[in-house]
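Numbering (the UniProt record's numbering), first residue to last: 1 to 244.
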Amino acid sequence: MDYQHTIMAAAGDQAERSRHDAMRDNKGQYLLLVDGSVPLGNKGYSTISGQSNVDMLVESAKDAAAIVAIGTCASFGGIPKANPNPTGAVSVSNIITDKPIINVSGCPPLPIAITAVLAHYLTFNTLPALDSLNRPLAFFGDTIHDRCYRRPFFEQRKFAKSFDDEGAKNGWCLFELGCKGPETYNACATVKWNQGTSFPIESGHPCLGCSEPDFWDHGSFYQSLFPWERYKAKPGAGKGGPNH
Ligand code: SF4
């Protein structure tokens, strides 16, 4: 890594010189990793070394081979873009339209998904297979619901109704507490967090759907996605929810 403005030892002009040197020496070959959304409402809302985020993104993307948007903010605008979007925040793909972009969404994104994308590119010199939102299929090919260990309770209609009832204590499905797992593509249920220790549902909290676009504006985190009857009304929706 040639440049990371937060953790690199250099600062100020020296740091920016590193970025420009790296861009020149690796023209057309480097990967640009971007985190955070980009505020367009006023260029001064966010700057690095006196340069606005949008100007730095456009400049750094110009000679990149590809861009990896890390996190839901860079991928889809994230929380800054949530209504009423006071800073005019947009995603990387809203600005850069002439480069391959890989979205590793999640708030936060799974570390192993980031490293897997980089390892794939460094090993094969190609981009990994992507879904319709340009997320790596290896991690975003299934919903949380597809892989959730509480799924048998969902099928048996055994739902926790509150965070401290018998259902919650028995580890039943969190659908009626607002779980967004049926409509959320990510690998939390498979690779988990903190080196495989756990993930939100295993800790007793519904999935918030943080790797999907506009998740912050999809109503209450604690409201059911859809009435259970609606799920039943669509036979064959066994993989994921009724919207599949
Ligand atoms: S609704 Fe949520 S808790 Fe229930 S099975 Fe699906 S992902 Fe797991």
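Cβ atoms here follow ideal geometry from the backbone N, Cα and C, with glycine treated the same way. Given the structure is predicted, the values throughout are model-derived calculations rather than measurements.
Legend entry - Contained alpha helix (DSSP H) runs [length at least 4] in the segment 35-84, N- to C-terminal order: 53-61, 72-76 and 78-81
Legend entry - From Ile95, Leu137, Ser132 and Thr126, residue whose alpha carbon lies closest to that of Val113: For this step, residue 113 is matched to residue 113 along the sequence shown. The sequence given here has Ala at residue 113, not Val. Nearest option by C-alpha distance: Leu137.
Inset, instruction - Indicate whether Asn170 and Ile144 have their beta-carbon atoms separated by less than 8 Å. - result: Numbered from 1 along the sequence shown, position 170 holds the residue referred to as residue 170. Numbered from 1 along the sequence shown, position 144 holds the residue referred to as residue 144. Not a contact, by the Cβ cut-off of 8 Å.
Legend entry - Beta-bridge pairing of Trp172 - partner residues as DSSP gives them: Start at 1 with the first residue of the sequence shown, and residue 172 comes out as number 172. According to DSSP, which records beta bridges pairwise, Trp172 is partnered with nothing at all.
Inset, instruction - Run the proximity test for Leu174: is its beta-carbon closer than 7 Å to any non-hydrogen atom belonging to the ligand SF4? - result: Against the sequence shown, residue 174 aligns to sequence position 174. Yes, the Cβ of Leu174 comes within 7 Å of a heavy atom of the ligand SF4.
Inset, instruction - Note down the Cα distance separating Pro128 from Thr115, rounded to an integer number of angstroms. - result: Counting from 1 along the sequence shown, the entry for residue 128 is found at position 128. Counting from 1 along the sequence shown, the entry for residue 115 is found at position 115. Their Cα atoms are separated by approximately 12 Å.
Legend entry - Alpha carbon of Gly28 to alpha carbon of Ser203, nearest angstrom: Residue mapping note: residue 28 aligns to position 28 of the sequence shown, counting from 1. Residue mapping note: residue 203 aligns to position 203 of the sequence shown, counting from 1. C-alpha separation (whole angstroms): 44 Å.
Inset, instruction - Answer with buried or exposed for Leu122, where buried requires no fewer than 16 other C-beta atoms within 10 angstroms of its C-beta. - result: Against the sequence shown, residue 122 aligns to sequence position 122. Counting Cβ neighbours within 10 Å, Leu122 comes out exposed, since fewer than 16 surround it.
Legend entry - Inter-stretch contact at 8 Å, needing at least 3 Cβ pairs: the segment 63-73 / the segment 186-201: no
Inset, instruction - Would you give the residue range spanned by the alpha helix (DSSP H) that Ile114 belongs to? - result: The residue given as residue 114 occupies position 114 in the sequence shown. Residues Pro111 to Phe124.
Inset, instruction - Compute every distance between the C-beta of His145 and the non-hydrogen atoms of the ligand SF4, then say whether any falls below 7 Å. - result: Taking the first residue of the sequence shown as position 1, residue 145 is located at position 145. Yes, the beta carbon of His145 sits closer than 7 Å to at least one heavy atom of the ligand SF4.
Legend entry - Pairwise C-alpha distance: Gly181 and Pro147: Position 147 of the sequence shown, counted from the start, is the residue given in the question as residue 147. Position 181 of the sequence shown, counted from the start, is the residue given in the question as residue 181. In the sequence under discussion, the amino acid at residue 147 is Arg, which differs from the Pro named in the question. Using only the alpha carbons, I get a separation of about 9 Å.
Legend entry - Local conformation of Ala22 per DSSP, three classes: Against the sequence shown, residue 22 aligns to sequence position 22. Ala22: helix per DSSP, three-state reduction.
Legend entry - Closest by C-alpha distance to Trp172, when choosing among Gln4, Asp217 and Arg151: The count along the sequence shown starts at 1 and reaches residue 172 at position 172. It is Arg151.
Inset, instruction - Look up Ile130 in the DSSP assignment and give the residues it is bridged to. - result: Here residue 130 refers to the residue found at position 130 of the sequence shown. According to the sequence shown, residue 130 is Leu rather than Ile. Looking at the DSSP assignment, Leu130 forms a beta bridge with Pro136.
Inset, instruction - Compute the minimum distance between the beta carbon of Ile95 and the heavy atoms of the ligand SF4, and state whether it is under 7 Å. - result: Mapped onto the sequence shown, residue 95 falls at position 95. Not under cutoff, so the answer is no.
Legend entry - For Phe199, the nearest candidate out of Leu110, Gly141 and Lys158 (CA to CA): For this step, residue 199 is matched to residue 199 along the sequence shown. Closest by alpha carbon: Leu110.
Inset, instruction - Could you check if Ser132 is buried or exposed, using at least 16 other CB atoms within 10 Å of its CB as the buried criterion? - result: Against the sequence shown, residue 132 aligns to sequence position 132. When all chains shown are included, Ser132 counts as exposed.
Inset, instruction - Taking all protein chains shown into account, decide if Gly236 is buried (16 or more other Cβ within 10 angstroms of its Cβ) or exposed. - result: The residue you call residue 236 lines up with position 236 of the sequence shown. Residue confidence is low: Gly236 scores 40 on pLDDT, short of 50, so the model does not pin down where it sits. Its coordinate-derived value is still stated next. With fewer than 16 Cβ atoms within 10 Å of its Cβ, Gly236 is classed as exposed.
Inset, instruction - Find out if the Cβ-Cβ distance for the pair Ile96, Val117 is shorter than 8 Å. - result: The residue given as residue 96 occupies position 96 in the sequence shown. The residue given as residue 117 occupies position 117 in the sequence shown. Against a cut-off of 8 Å, the Cβ pair of Val117 and Ile96 comes out as no contact.
Legend entry - Per DSSP, cross-strand counterpart(s) of Trp216: Stepping through the sequence shown from its first residue, residue 216 is reached at position 216. The partner list for Trp216 (beta bridge, DSSP) is empty, contrary to what the question assumes.
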